[in-house]
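First the structure, in the form of structure tokens, and then the observations on it.
Protein chains in written order, with the working numbering: chain A, 4 to 393; chain B, 989 to 1301.
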């Protein structure tokens, strides 16, 4: 184990290098670009035995990844924002063809107006694409989850693509202390992929045929079962990685849930700020806690319910808007789960940080305060936009 | 009529083995089915096929059946060249890591819609990057799979369901795009036109293309009885007429050097090609005679341009 200073982008690139990836096909886009620049350096210097394909668009990036993955290669790509949107069509095909691919999504706002900074609109716009989706809090997690993502994706019973989400600039461009595993430890944790099926002239198969009304429905059912069944794979991989790394990975991470009256639920880099603020508030005797949702798809319903069942108010923070919907995407999921488990807990949905608007301790304190107000019945709003000028 | 210097494969030498086999649901008299079958005869079993969305893809792989006896993948409409790129680099790196021994051919098939229109960007990218693969555009001059809509490969004057012959507009108003010109502009080792009616020329070109260490493109004219509106028994004859009227010249470009493969010394007038197809029927009306004249003039112009290109170097 070594400790080095890396930005989130660099941490992802370093993980890719250690994972002995075969094919990288990617297109540059801010704030993801540093990932592909670093990987290009590794390839150019012979530090990784891989082929880097400088494609002419993100659409082709993912298409080339599909071709390479169908050949049995270990495949990586990275994108953000408009790039992810351009891939949208192919995202669904990668998961439907059950092809393991790992993609770092450096979360950034969607146009218009064009904006290069971090929010979750890009991934939320493609959240139903059938990929396993994991959100990270810092550069360390971006590094760790990238390594785990290959093992999850390439598990033969799971065989699904995985996105590793890291907040644009806040994680991607911030230099942090990152603990790096030894190359041999990564190699032992992640042996080379052994696919059940691949394009092989000795055993020809047809991939991606036409299915009409008689079979399409069953294909979709199998795909749903694959992602629902991936909980077990993800948990096993996280447990194994926790042992290798000494860092504990779970579907969700909690702080202060035992006696918290007000719980903030959020994803990505904001979780760090929220945890820090919650600790300060608890020192002042306020019963607050936070839940970080790391695994977003498949959604960890049981773990979330277990963590929130004793709270009086939930403040769900969405860094994306679902225009015209009753609440933001994360909040909709939480409400859904509450209903299914027969729980009625007061919920405030906060839309925050769009287009990279900074989220400070004060904002989190404000969010908790709003939660207390809701508890006392002092506010009637279901959805509030925190920090927006109105 | 045929130049003759490229007749290397005789009927006897043509392999009996097929790698796209019967049972598929391509139309009777489909030129594209012939284009795929002949290409696979030339390439043999050590081949991976990438297929863009289109007639060839939908009609040969209706689940749970497949006509393909080689590894085959379809991803989407516009990205066959990008998928082929990924396959090619995967083979390279897996070979380097001793995880793979075979060195298969890679052939990407796209129709004219999937190539001239929606797939042109992915094709351009793959050609520029220099992947070793053969891209075959089976050109039936419209979106036949969705019901005969015009593409940029549809010839001027042809009626399609989105360039109909109406009271004001007599069919498609624009000339056909020059695909080989675009391919050649990428400085690739080999690009060629072909027509399914000249099977020997076509098969030789497929074989030749697969031997280059880089991207190659074959643009093969594949008459469509449904969209061009002729009797299914006439497919080969219609293809011959396209060549013999000089509407579709057969040539190749090797490292930038043009060579005419079929020198049509006594061309038939274009009207001979036009009058046998329903898609051009409206052009036979007196008020549209100027369009036939325009088409003839353009054919003459393009032919002399091609001859000049062939004489350079």
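Ideal placement from N, C-alpha and C gives every residue a C-beta, glycine not left out.
Since we're looking at a predicted model, the values are computed, not measured.
Quiz item: Do the CB positions of residue 318 (chain A) and residue 353 (chain A) come within less than 8 Å of each other?
Solution: Stepping through the first chain from its first residue, residue 318 (chain A) is reached at position 315. Stepping through the first chain from its first residue, residue 353 (chain A) is reached at position 350. A contact, by the Cβ cut-off of 8 Å.
Practice problem: Could you check the C-alpha separation between residue 1129 (chain B) and residue 1098 (chain B) for me, to the nearest Å? | Solution: Position 141 of the second chain, counting from 1, holds the residue named residue 1129 (chain B). Position 110 of the second chain, counting from 1, holds the residue named residue 1098 (chain B). If you take the alpha carbons of residue 1129 (chain B) and residue 1098 (chain B), they lie about 12 Å apart.
Quiz item: From the beta carbon of residue 1282 (chain B), is the nearest beta carbon of chain A less than 8 Å away?
Solution: By one-based count along the second chain, residue 1282 (chain B) stands at place 294. No, residue 1282 (chain B) lies away from the interface with chain A (no Cβ there is under 8 Å from its Cβ).
Quiz item: Checking contacts by CB at 8 Å: is residue 91 (chain A) closer than that to chain B?
Solution: As a working note, residue 91 (chain A) is residue 88 in the first chain. No, because no Cβ of chain B sits closer than 8 Å to the Cβ of residue 91 (chain A).
Quiz item: Exposed or buried, which one is residue 995 (chain B) when buried takes at least 16 other CB atoms within 10 Å?
Solution: As a working note, residue 995 (chain B) is residue 7 in the second chain. Unreliable positioning characterises residue 995 (chain B) in this predicted model, as indicated by a pLDDT of 48, which lies under 50. The coordinate reading is nonetheless provided below. Classification of residue 995 (chain B): exposed, given that the 10 Å Cβ count is below 16.
Quiz prompt | chain B contacts made by the stretch 51-67 of chain A, where a contact means CB separation under 9 Å | solution = Going along the stretch 51-67 of chain A in chain order, one finds 52, 53, 54, 55, 56, 57, 58, 59, 60, 62, 63, 64, 65, 66, 67 with a Cβ nearer than 9 Å to chain B.
Exercise. Name, please, each residue of chain B whose Cβ falls closer than 8 Å to the Cβ of residue 204 (chain A).
Key: Looking up residue 204 (chain A) in the first chain gives position 201. Result: 1033, 1034, 1035, 1036, 1058, 1059, 1090, 1092.
Practice problem: Output the residue ranges of the beta strand (DSSP E) runs that lie fully inside the stretch 1180-1211 of chain B and measure 3 residues or longer, sorted by chain position. | Solution: Annotation note: the stretch 1180-1211 of chain B contains the following uninterrupted beta strand (DSSP E) runs of length 3 or greater, listed N- to C-terminal: 1204-1209.
Exercise. Using a cut-off of 7 Å between C-beta atoms, extract the partners of residue 121 (chain A) located in chain B.
Key: Mapped onto the first chain, residue 121 (chain A) falls at position 118. Those within 7 Å of residue 121 (chain A) in chain B number zero; the least Cβ separation is about 28 Å.
Quiz prompt | chain B residues whose Cβ lies nearer than 8 Å to that of residue 26 (chain A) | solution = Here residue 26 (chain A) corresponds to residue number 23 of the first chain, with the count starting at 1. By Cβ distance, chain B contributes 1074, 1077, 1078, 1081.
Quiz prompt | Beta-ladder partner(s) of residue 68 (chain A), from DSSP | solution = Taking the first residue of the first chain as 1, we reach residue 68 (chain A) at position 65. For residue 68 (chain A), which the question treats as bridged, DSSP gives no partner whatsoever.
Quiz item: Nearest to residue 1279 (chain B) by alpha carbon, out of B:1147, B:1005, B:1220?
Solution: Residue numbering aside, residue 1279 (chain B) sits at position 291 when the second chain is read from its first letter. Closest by alpha carbon: B:1147.
Quiz item: Nearest chain A C-beta to residue 1112 (chain B) closer than 8 Å, yes or no?
Solution: Along the second chain, read from residue 1 onward, the residue named residue 1112 (chain B) stands at position 124. Yes, its Cβ sits closer than 8 Å to a Cβ of chain A.
Quiz item: Going by C-alpha distance, which of A:53, A:249, A:322, A:312 is nearest residue 394 (chain A)?
Solution: Given that chain A is displayed from residue 4 to residue 393, the structure contains no residue 394 (chain A) and the question cannot be resolved.
Quiz item: So with Cβ pairs under 8 Å, would you call residue 80 (chain A) a contact of chain B?
Solution: Working through the first chain from its first residue, we reach residue 80 (chain A) at position 77. No, residue 80 (chain A) lies away from the interface with chain B (no Cβ there is under 8 Å from its Cβ).
Quiz prompt | Opposing strand residues paired with residue 1073 (chain B) [DSSP bridges] | solution = Along the second chain, read from residue 1 onward, the residue named residue 1073 (chain B) stands at position 85. Answer is none; residue 1073 (chain B) lacks a bridge partner.
Quiz item: residue 104 (chain A) by DSSP, collapsed to three states: which one?
Solution: The residue labelled residue 104 (chain A) in the question sits at position 101 within the first chain. Looking at residue 104 (chain A) - three-state DSSP - the assignment turns out to be coil, as it is neither helix nor strand.
Quiz item: Does residue 1132 (chain B) come within less than 8 Å of chain A when only Cβ atoms are used?
Solution: What you label residue 1132 (chain B) is simply residue 144 of the second chain in a count that begins at 1. With 8 Å as the cut-off, residue 1132 (chain B) does not count as an interface residue toward chain A.
Quiz item: Can you name the start and end residues of the beta strand (DSSP E) that residue 258 (chain A) belongs to?
Solution: Along the first chain, read from residue 1 onward, the residue named residue 258 (chain A) stands at position 255. First-last of the beta strand (DSSP E) with residue 258 (chain A): 255-258.
Self-check item: Assumed close pair residue 308 (chain A), residue 340 (chain A) - CB separation to whole angstroms, cut-off 8 Å
Solution: What you label residue 308 (chain A) is simply residue 305 of the first chain in a count that begins at 1. What you label residue 340 (chain A) is simply residue 337 of the first chain in a count that begins at 1. About 6 Å; that satisfies the 8 Å criterion.
Practice problem: Give the interface partners of residue 1064 (chain B) over in chain A, defined as CB-CB distance under 8 Å, in chain order. | Solution: Taking the first residue of the second chain as 1, we reach residue 1064 (chain B) at position 76. Here the neighbours are 66, 92, 93, 96.
Quiz item: How about residue 152 (chain A) and residue 179 (chain A): are their beta carbons less than 8 Å apart?
Solution: Indexing the first chain from 1 puts residue 152 (chain A) at position 149. Indexing the first chain from 1 puts residue 179 (chain A) at position 176. It is not a contact, given that the beta carbons lie outside the stated cut-off.
Quiz item: In chain A, what lies closer than 9 Å to residue 1050 (chain B) by C-beta?
Solution: Mapped onto the second chain, residue 1050 (chain B) falls at position 62. When 9 Å is used as the limit between beta carbons, residue 1050 (chain B) is near these residues of chain A: 212, 213, 214, 215, in chain order.
Self-check item: Unbroken beta strand (DSSP E) run spanning residue 1097 (chain B), endpoints
Solution: The sequence position of residue 1097 (chain B) within the second chain is 109, counting from 1. First-last of the beta strand (DSSP E) with residue 1097 (chain B): 1093-1099.
Quiz prompt | For residue 194 (chain A) and residue 49 (chain A), the rounded distance between their alpha carbons | solution = Counted from its first residue, the first chain places residue 49 (chain A) at position 46. Counted from its first residue, the first chain places residue 194 (chain A) at position 191. Each residue's alpha carbon lies about 20 Å from the other.
Quiz item: How would you label residue 1173 (chain B), buried or exposed, when you count the other beta carbons within 10 angstroms and need 16 or more for buried?
Solution: Position 185 of the second chain, counted from the start, is the residue given in the question as residue 1173 (chain B). By the neighbour-count rule (16 or more Cβ atoms within 10 Å), residue 1173 (chain B) is not buried but exposed.
Quiz prompt | Exposed unless 16 or more other CB atoms sit within 10 angstroms - verdict on residue 216 (chain A) | solution = Within the first chain, the letter at position 213 stands for residue 216 (chain A). Flag for residue 216 (chain A) reads exposed.
Practice problem: Tell me, to the nearest whole angstrom, how far the beta carbon of residue 1125 (chain B) is from that of residue 1207 (chain B); I am working on the premise that it is less than 8 Å. | Solution: Here the question's residue 1125 (chain B) lines up with position 137 in the second chain. Here the question's residue 1207 (chain B) lines up with position 219 in the second chain. Confirmed, about 5 Å.
Self-check item: Secondary structure of residue 1153 (chain B), DSSP reduced to three states
Solution: The count along the second chain starts at 1 and reaches residue 1153 (chain B) at position 165. Residue 1153 (chain B) falls in the strand class under three-state DSSP.
Self-check item: Whole runs of the alpha helix (DSSP H) within the stretch 81-161 of chain A, excluding any shorter than 4 residues
Solution: Fully enclosed alpha helix (DSSP H) runs of 4 or longer: 84-99, 124-128, 142-157.
Practice problem: Kindly say whether residue 1 (chain A), judged by its beta-carbon, lies nearer than 8 Å to any beta-carbon of chain B. | Solution: Only positions 4 to 393 of chain A appear in this structure, which leaves residue 1 (chain A) out of reach.
Quiz item: In whole angstroms, what is the alpha-carbon distance linking residue 1053 (chain B) and residue 220 (chain A)?
Solution: As a first step, residue 1053 (chain B) must be located in the second chain, where it is residue number 65. As a first step, residue 220 (chain A) must be located in the first chain, where it is residue number 217. Going from the Cα of residue 1053 (chain B) to the Cα of residue 220 (chain A) covers about 17 Å.
Practice problem: Would you please verify whether the beta carbon of residue 1054 (chain B) is less than 8 Å from any beta carbon of chain A? | Solution: For this step, residue 1054 (chain B) is matched to residue 66 along the second chain. Using a CB distance cut-off of 8 Å, residue 1054 (chain B) counts as an interface residue toward chain A.
Quiz prompt | Proximity test, Cβ basis, 8 Å: residue 75 (chain A) and chain B | solution = Translated into positions along the first chain, residue 75 (chain A) becomes position 72. Any Cβ of chain B closer than 8 Å to the Cβ of residue 75 (chain A) would place that residue at the interface, and such an atom is present.
Exercise. Answer with buried or exposed for residue 377 (chain A), where buried requires no fewer than 16 other C-beta atoms within 10 angstroms of its C-beta.
Key: As a first step, residue 377 (chain A) is located in the first chain; it is residue number 374 there, counting from the start. The residue in question, residue 377 (chain A), is buried, as its Cβ has 16 or more Cβ neighbours within 10 Å.
Practice problem: Taking residue 1294 (chain B) as the reference, give the member of B:1244, B:1044, B:1269, B:1045 with the closest Cα. | Solution: Locating residue 1294 (chain B) in the second chain gives position 306, where the first residue counts as 1. Ranking B:1244, B:1044, B:1269, B:1045 by Cα distance to residue 1294 (chain B) puts B:1244 first.
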